[in-house]
Amino acid sequence: RALAPRPDEQTVELGPGLGTLTGALLREGARVLAIDADPQMLEVLQQELGHVEQLSLLHGDAANVDLAGLAAAHGPVALAGNLPYAITGAILSNLCAHRHALSRAVIMVQKEVRDRLLADPGSKTYGALTVFVQAGFRVEPVVKVPSGAFHPPPKVDSAVVKLTPLHPPRAEETDDFRAVVRAAFQQRRKTLRNSLKKLGVEADMFAHAGIDPTRRPETLSVEELAALTLAWSAARG
Numbered sequence: 007r008a009l010a011p012r013p014d015e016q017t018v019e020l021g022p023g024l025g026t027l028t029g030a031l032l033r034e035g036a037r038v039l040a041i042d043a044d045p046q047m048l049e050v051l052q053q054e055l056g057h058v059e060q061l062s063l064l065h066g067d068a069a070n071v072d073l074a075g076l077a078a079a080h081g082p083v084a085l086a087g088n089l090p091y092a093i094t095g096a097i098l099s100n101l102c103a104h105r106h107a108l109s110r111a112v113i114m115v116q117k118e119v120r121d122r123l124l125a126d127p128g129s130k131t132y133g134a135l136t137v138f139v140q141a142g143f144r145v146e147p148v149v150k151v152p153s154g155a156f157h158p159p160p161k162v163d164s165a166v167v168k169l170t171p172l173h174p175p176r177a178e179e180t181d182d183f184r185a186v187v188r189a190a191f192q193q194r195r196k197t198l199r200n201s202l203k204k205l206g207v208e209a210d211m212f213a214h215a216g217i218d219p220t221r222r223p224e225t226l227s228v229e230e231l232a233a234l235t236l237a238w239s240a241a242r243g
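Residue numbers for the sequence shown follow the working numbering, beginning at 7 and rising by one.
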C-alpha cells in the first residue's frame, strides 16, 4: 500500500524470494521486474507466476541494479523489496547515487538501519548513512515488523521505510561531499577540527561555512555538512 504501484510505471522488486510481495504487487496491477541473485528462487517464481504477462524476471545483484538504464527505458521506477541484510548498505548507496531514476522506494530493512535512516542530528544513531540518505530522500517510517513474523524468525526485528527523492536535494551527492562526511564520522567523538584535519579543512573554511570547528560531527545537519563541503571544495580550487 505504501508503494501504491501504477500499471503505467515500472516497479522493480529486489530479492523477491518465493514471491509473496511479487504476487501482491501484481494483484495491485503493477508491472514488475523481479531481480534476484539466486537462480533457484527465480525458477520457483517462473513456475508460480511465470504466466503473468506483467512480470519479468532478471538474474542479477540487487546492489548493482542499473537504475539509470531502467529509468531511461521506462521513466522513473518504483522500487520495493526486503533488502538482504548483508548488502543493505551497498543497495542504499546505489539508490543514493541514482535517486533521479526513482519515483519512490519502499523497502524492508533491519530495525537498526531504520533507526539510522530516521535519526536526527545529535542522536547516537545519526551517522554517515543517515546523512547520505537524508541528503537526497525524504525518509518516512511505514511499519515495524517483529522477527516472529518470519519463519524461521531472524535474530533481529525489521521495519519498512519509504524513501521519496527530494527535488532539489538537501545536498548534492558529490565525491567531495562523500569524502567530508566519511572523514567526519570515522572519528565522530572528536571535534570537527580534529576529525577533518587529514582532509586539510582549515579554520578559514569553517569560518566561511559558519561552523564552529569545536563541534562534533554528529551535531551537524545535512545542510551544514554541505556548506562545509562547498567551503573545502572552493579553497582547493
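Ideal Cβ placement from N, Cα and C applies to all residues, glycine included.
_I'd like to know whether the C-beta atoms of A141 and A177 end up nearer to each other than 8 Å._
yes
_For V112 and V151, believed in contact at Cβ under 8 Å, the rounded distance_ = Rounded, the Cβ-Cβ distance is 13 Å, inconsistent with contact.
_If I measure Cβ to Cβ from F212 and keep anything under 8 Å in the same chain, skipping five residues before and after, which residues do I get?_
Cβ neighbours of F212 within its own chain (closer than 8 Å, five residues either side excluded): L198, R199, D218, P219, L234, A237.
_Count Cβ pairs between the stretch 71-79 and the stretch 45-63 that sit closer than 8 Å; are there 3 or more?_
no
_Rounded C-alpha distance that separates A79 from C102_ = 20 Å
*asked:* Using a 10 Å radius around the Cβ and a threshold of 16 neighbouring Cβ atoms, would you call H173 buried or exposed?
replied: exposed
_Quick check on the DSSP output: the alpha helix (DSSP H) that includes I97 runs from which residue to which?_
Looking at the DSSP string, the run of the alpha helix (DSSP H) that includes I97 is 94-103.
*Can you have a look at R33 and say buried or exposed, based on whether 16 or more other CB atoms are within 10 angstroms of its CB?*
Burial state of R33 is exposed, judged by a 10 Å Cβ sphere holding fewer than 16 other Cβ atoms.
*Under 8 Å between the Cβ atoms of T26 and G128?*
no
*Compare the beta carbon distance of S120 and P147 with 8 Å and say whether it is the shorter of the two.*
Residue 120 is actually Arg in this sequence, not Ser. Note that the C-beta distance between R120 and P147 is below 8 Å.
*For S201, name the three-state secondary structure that DSSP assigns.*
helix
*Name, in chain order, the residues that DSSP records as bridge partners for P158.*
Its beta-bridge partners do not exist; DSSP assigns none.
*Reference S239, options R221, S227, L205, closest by Cα*: L205
*Roughly how many angstroms lie between the CA atoms of F143 and G95, to the nearest whole one?*
One C-alpha to the other measures close to 15 Å.
_In the DSSP assignment, the beta strand (DSSP E) including R37 goes from what residue to what residue?_
Run containing R37: 37-42, per the beta strand (DSSP E) assignment.
*Taking T180 as the reference, which of N70, L39, H104 has the closest Cα?*
Comparing Cα-Cα distances from T180 to each of N70, L39, H104, the minimum goes to H104.
*If I'm right that G87 touches E19 with Cβ under 8 Å, what's the distance once you round it to whole angstroms?*
Between E19 and G87 the Cβ distance is about 5 Å, and since that is below 8 Å, they are a contact.
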